[in-house]
Amino acid sequence: MSSKKLNEFNNNSLRRIAKEVVVRKFVLILHIWVYFLVILLLFVINYLTNPTYFWCLWPLTAWMMILIGHIFAHMMFRKGVVDLHSVFILYHLLFFVVINLFLIFTNWFTTSHGSLRFTWSFWVIGPWSVLFVIHLIVYFYLVPKRGESPNRNWLDRRVDEQLEKMNKKNTTRGNE
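Numbering (our numbering), first residue to last: 352 to 527.
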């Protein structure tokens with residue numbers, strides 16, 4: 352192990368990491384408080400202006416989706432997830448679930464009887480689900496396997512497989 356590796360985590364670098372954790376947590380808590388205060392204000396305004404139609408649910412749900420993303424990002428940071436492939440797939444999964452739930456809620460809320468018959472939200476969710484499954488297949492196929500170097504990908508594995516086949520052919524020919 353090189354001496355450079357041993358010096359990477361000195362007091363200054365650990366202090367920078369600790370500062371980053373504290374700042375991110377403070378910003379997250381601040382966002383949560385602002386969210387609840389603004390939503391409370393919107394509920395009061397909604398009640399005073401038009402108590403029969405709860406229009407304040409729209410900013411509440413849209414902003415909540417963004418806040419969930421923010422909380423998720425903080426959790427990933429705290430867990431130390433640094434593999435960008437994993438972070439991106441987790442973000443895709445989060446937004447896939449949250450936005451589709453929002454679309455279903457919107458579809459239900461805007462339907463005359465509040466039912467979930469086959470309507471416009473499913474025309475969005477259906478194709479997106481197919482694309483997301485394709486994304487998952489590509490992710491699990493392309494990303495390096497556990498224990499492999501992060502620089503290896505599906506192409507490196509295929510090249511290694513092809514080299515093995517070629518070596519087997521050469522060894523069988525050499526034995527003849």
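Glycine included, C-beta positions come from ideal geometry on N, C-alpha and C.
Outcome for residue i when other beta-carbon atoms lying within 10 angstroms are tallied against a minimum of 16
{"i": "residue 458", "result": "buried"}
{"i": "residue 357", "result": "Per-residue confidence for residue 357 stands at a pLDDT of 48, beneath the threshold of 50, marking its modelled position as unreliable; the derived number appears in the next sentence. Residue 357 is exposed by the Cβ-count criterion."}
{"i": "residue 354", "result": "A caution first: residue 354 carries a pLDDT of 48, below 50, which makes its placement in the model unreliable, though a value can still be read off. With fewer than 16 Cβ atoms within 10 Å of its Cβ, residue 354 is classed as exposed."}
{"i": "residue 472", "result": "buried"}
Helix, strand or coil at residue i according to DSSP, with G and I counted as helix
{"i": "residue 431", "result": "coil"}
{"i": "residue 398", "result": "helix"}
{"i": "residue 523", "result": "helix"}
{"i": "residue 405", "result": "coil"}
{"i": "residue 462", "result": "coil"}
{"i": "residue 412", "result": "helix"}
{"i": "residue 451", "result": "helix"}
{"i": "residue 362", "result": "helix"}
{"i": "residue 470", "result": "coil"}
{"i": "residue 354", "result": "Reliability of the predicted coordinates at residue 354 is poor, the pLDDT of 48 falling under 50, and the value obtained from them is presented with this limitation in mind. Residue 354: helix per DSSP, three-state reduction."}
Among the options, nearest to residue i - alpha-carbon criterion
{"i": "residue 431", "options": "361, 448, 389 and 372", "result": "372"}
{"i": "residue 509", "options": "520, 492 and 385", "result": "492"}
{"i": "residue 374", "options": "484, 447 and 425", "result": "425"}
{"i": "residue 378", "options": "414, 369, 421 and 361", "result": "421"}
{"i": "residue 415", "options": "427, 443, 406 and 383", "result": "383"}
{"i": "residue 476", "options": "456, 451 and 490", "result": "451"}
Anticipated Cβ contact below 8 angstroms, residue i with residue j, distance rounded
{"i": "residue 411", "j": "residue 390", "result": "5 angstroms"}
{"i": "residue 418", "j": "residue 386", "result": "5 angstroms"}
{"i": "residue 483", "j": "residue 447", "result": "5 angstroms"}
Any non-hydrogen atom of the ligand PLP closer than 8 angstroms to residue i Cβ
{"i": "residue 414", "result": "By its list of ligands, the structure shown contains no ligand whatsoever, and the ligand PLP lies outside what it can speak to."}
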